[in-house]
DNA sequence: CTCTCCATGTAAGTGGTTACATGATTTC
DNA sequence: GAAATCATGTAACCACTTACATGGAGAG
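Protein chains in written order, with the UniProt record's numbering: chain P, 1 to 183; chain G, 1 to 183.
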């Protein structure tokens, strides 16, 4: 049950409408908890009904009309409680690793290309994160507590991408190693 | 749609019953594509109906009776086709990173303990993988193609766990860094 | 003859994805 | 006033999870 808490966090950082939330998910929170506008609207409805958030009074409440939400005290409490909750990490699920294992059994002529494609994707993601880092966390502002935590989270994303880039590079090198595979 | 292909791979490695599959998922394939027996039985039914696998003739076909499955040629083809399929990596979803981001907004007194708990869990997983590595991939058998690929997959799991261990260690150190937080 | 374990399932619920619907606002 | 875009939704589906059901075989 993480999506509602992701939304509460985003709304506490800044009250927003559904579409604004969607965009912010696309380029910030979504980097470690992605979502679509459909899911977000549905969840906003639930959160409002639960009394965790409320829609700011709008001049013309109607369909297709922008609706801004803000977090209520109950919502903040709910989020604070969730933060201190223990939850085991979800076991890894990687279709790429599974494909490699399958290739060990039935052979895989296209696997190499797929590894290269993933390598490129992870390289790009890594570059994007690094841009964000130099933009949002320049060396001077390392003191403030909220920024320290947000920076740690970003470093997590960066290090993860770096891990994939390194592993894929290594894997490709070993694929045409000693025995040399595909003709 | 990876589970059916995970099952096909496992069955090609060795024909098995549903429960045997479940156990093998628990200590091998499940390391990168976990599943439960309920899901596996359901999927076995679908795969059989699709003509990808068949139940080996049993002496007494009845409920509660062991049923062994093997992969049919159509199943092998299906799997070979899937291996050469392109599929983008799923975006990361980490409740722990989300919790850190939330803690930057509402504060988190219990977060430190949770980081330590995760660190311990990842340490244990890493140790388990390493045992498997020395047991299943001793230095001498590095030539054969199927083993090379399977070893690469295992290295992926190992490196990923090592990433988490390192990142969590780093994060904990920075949490009581210059500013020093929780008493 | 009961208890436990092996083995195969059924059913309900949840979270996420994909496809589609519809009203409002701006642009040409 | 037609087209594009902003904005909010509905509906159907799918994979996965959790809880429960049932039957057979061996141990005491």
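Glycine included, C-beta positions come from ideal geometry on N, C-alpha and C.
Computed from a predicted model, the values in this text were never measured in an experiment.
Give a yes or no on whether 9 Å exceeds the smallest Cβ distance from residue i to chain G.
i: residue 122 of chain P; result: yes
i: residue 83 of chain P; result: yes
i: residue 74 of chain P; result: no
i: residue 9 of chain P; result: yes
i: residue 165 of chain P; result: no
i: residue 47 of chain P; result: no
i: residue 170 of chain P; result: yes
i: residue 118 of chain P; result: yes
i: residue 183 of chain P; result: Residue confidence is low: residue 183 of chain P scores 43 on pLDDT, short of 50, so the model does not pin down where it sits. Its coordinate-derived value is still stated next. Residue 183 of chain P does not count as touching chain G.
i: residue 103 of chain P; result: yes
i: residue 145 of chain P; result: yes
i: residue 111 of chain P; result: yes
From residue i to residue j, what does the alpha carbon distance come to, in whole angstroms?
i: residue 122 of chain G; j: residue 95 of chain P; result: 21 Å
i: residue 71 of chain P; j: residue 9 of chain G; result: 48 Å
i: residue 55 of chain P; j: residue 73 of chain P; result: 14 Å
i: residue 79 of chain G; j: residue 46 of chain G; result: 15 Å
i: residue 156 of chain G; j: residue 34 of chain G; result: 16 Å
i: residue 88 of chain P; j: residue 114 of chain G; result: 9 Å
i: residue 38 of chain G; j: residue 44 of chain G; result: 10 Å
i: residue 108 of chain G; j: residue 53 of chain P; result: 21 Å
i: residue 129 of chain G; j: residue 25 of chain G; result: 15 Å
i: residue 147 of chain P; j: residue 162 of chain P; result: 22 Å
i: residue 31 of chain G; j: residue 65 of chain P; result: 47 Å
i: residue 164 of chain P; j: residue 57 of chain G; result: 45 Å
i: residue 76 of chain P; j: residue 11 of chain P; result: 10 Å
i: residue 119 of chain G; j: residue 49 of chain G; result: 44 Å
i: residue 134 of chain G; j: residue 23 of chain P; result: 47 Å
i: residue 181 of chain P; j: residue 144 of chain G; result: With a pLDDT of 45 at residue 181 of chain P, under the threshold of 50, the modelled position of that residue is not reliable, and the figure given next carries that caveat. Cα-Cα distance, rounded: 10 Å.
i: residue 97 of chain G; j: residue 172 of chain P; result: 30 Å
i: residue 132 of chain P; j: residue 137 of chain G; result: 41 Å
i: residue 183 of chain G; j: residue 42 of chain G; result: Here residue 183 of chain G scores only 43 on pLDDT, less than 50, and its place in the model should not be relied on; the value that follows carries that caveat. About 51 Å.
i: residue 51 of chain P; j: residue 40 of chain P; result: 16 Å
i: residue 158 of chain G; j: residue 36 of chain P; result: 32 Å
i: residue 166 of chain G; j: residue 99 of chain G; result: 19 Å
i: residue 29 of chain P; j: residue 15 of chain P; result: 15 Å
i: residue 170 of chain G; j: residue 110 of chain G; result: 18 Å
i: residue 90 of chain G; j: residue 27 of chain G; result: 23 Å
i: residue 84 of chain G; j: residue 140 of chain G; result: 30 Å
Is there a C-beta anywhere in chain P that falls below 9 Å from the one on residue i?
i: residue 98 of chain G; result: yes
i: residue 159 of chain G; result: yes
i: residue 106 of chain G; result: yes
i: residue 55 of chain G; result: no
i: residue 31 of chain G; result: yes
i: residue 150 of chain G; result: yes
i: residue 136 of chain G; result: no
i: residue 131 of chain G; result: no
i: residue 5 of chain G; result: yes
i: residue 92 of chain G; result: yes
i: residue 20 of chain G; result: no
i: residue 27 of chain G; result: no
i: residue 139 of chain G; result: no
i: residue 2 of chain G; result: yes
i: residue 44 of chain G; result: no
If residue i and residue j are in contact, beta carbons under 8 Å, what's the gap, nearest whole angstrom?
i: residue 2 of chain G; j: residue 68 of chain G; result: Their Cβ separation, rounded to whole angstroms, is 23 Å, which puts residue 2 of chain G and residue 68 of chain G out of contact at 8 Å.
i: residue 13 of chain P; j: residue 153 of chain G; result: The Cβ separation is near 39 Å, so there is no contact.
i: residue 82 of chain G; j: residue 151 of chain G; result: No, residue 82 of chain G and residue 151 of chain G are not in contact; Cβ-Cβ is about 22 Å, not under 8 Å.
i: residue 7 of chain G; j: residue 19 of chain G; result: Not confirmed; about 13 Å, so no contact.
i: residue 101 of chain P; j: residue 175 of chain P; result: Not quite, the Cβ-Cβ distance comes to about 14 Å (not below 8 Å), so this is no contact.
i: residue 117 of chain G; j: residue 86 of chain P; result: 7 Å
i: residue 168 of chain P; j: residue 160 of chain G; result: With a Cβ gap of about 12 Å, residue 168 of chain P and residue 160 of chain G do not count as contacting.
i: residue 149 of chain P; j: residue 127 of chain G; result: About 29 Å separates the two Cβ atoms, so there is no contact after all.
With DSSP as the reference, please indicate the residues paired to residue i in a beta bridge.
i: residue 28 of chain G; result: Its beta-bridge partners do not exist; DSSP assigns none.
i: residue 93 of chain G; result: P:33
i: residue 2 of chain G; result: Paired residues: none, contrary to the question.
Closer than 8 Å to a non-hydrogen atom of the ligand ADP - does that hold for the CB of residue i?
i: residue 11 of chain P; result: What this structure holds is no ligand at all, so the ligand ADP is not there to describe.
_Contiguous beta strand (DSSP E) assignments of at least 3 residues, all confined to the region 32 to 85 of chain P_ = 53 to 55, 68 to 71
*Counting only runs that start and end within the UniProt domain "Transcription regulator PadR C-terminal" (92 to 176) of chain G, where is the alpha helix (DSSP H) found for 4 or more residues in a row?*
95 to 106, 111 to 136, 145 to 175
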